[in-house]
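The structure under discussion appears below in the form of structure tokens.
In this note's numbering, the protein residues as written are 816 to 954.
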């Protein structure tokens, strides 16, 4: 993922990173790419062999995206990111697929500080309550 991020940094801010691969919608991946795009779309589990419904995504961009944009003040990337999930759910024959979208602004401003705060609190707790520390034995 750091290699992907390094390549993306060569461009101006990218609106959407959509990854059509398994296990690419994790906190770790999102954290590494959070400064490279406005939205990140991908699967938290094993991705279907079908992949994204690219034909339907392009149809949406060509015919409906501007209509959705005219009805609101949100940017095109908001509607397209949101629609990636809807289109792939609608046109997939695989009922087990998991696709979601992360708003990287919200991720940076809400989730990352919350996770950092939680780990700081946990670390302080362990420092002050050494009897709870557990030694883990690996084979």
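Glycine included, C-beta positions come from ideal geometry on N, C-alpha and C.
Would you call residue i buried or exposed, if buried means 16 or more other Cβ atoms sit within 10 Å of its Cβ?
i: residue 857; result: buried
i: residue 828; result: exposed
i: residue 919; result: buried
i: residue 936; result: exposed
i: residue 898; result: buried
i: residue 944; result: exposed
i: residue 845; result: buried
i: residue 833; result: buried
i: residue 836; result: exposed
In its own chain, which residues sit with a C-beta less than 7 Å from the C-beta of residue i, not counting the 5 before and 5 after it?
i: residue 896; result: 831, 854, 856, 916
Tell me which same chain residues have a C-beta within less than 6 Å of the C-beta of residue i, skipping the five on either side of it?
i: residue 839; result: 857
i: residue 811; result: No information on residue 811 is available, as it lies outside the stretch 816 to 954 that the chain covers here.
Go to residue i, then tell me how far its alpha helix (DSSP H) extends in each direction, as first and last residue.
i: residue 872; result: 869-878
i: residue 891; result: 891-906
i: residue 934; result: 927-943
i: residue 821; result: 817-823
Bridge partners of residue i, per DSSP?
i: residue 857; result: 915
i: residue 845; result: Its beta-bridge partners do not exist; DSSP assigns none.
i: residue 833; result: 856
Contact between the region 886-906 and the region 935-942 (3+ Cβ pairs under 8 Å): Three or more beta-carbon pairs separated by less than 8 Å are not found between the region 886-906 and the region 935-942, which leaves the two stretches without contact.
Touching by the beta-carbon criterion (3+ pairs, under 8 Å), the region 865-876 and the region 902-909: Taking a cut-off of 8 Å on C-beta distances, the region 865-876 touches the region 902-909, as three or more cross pairs fall below it.
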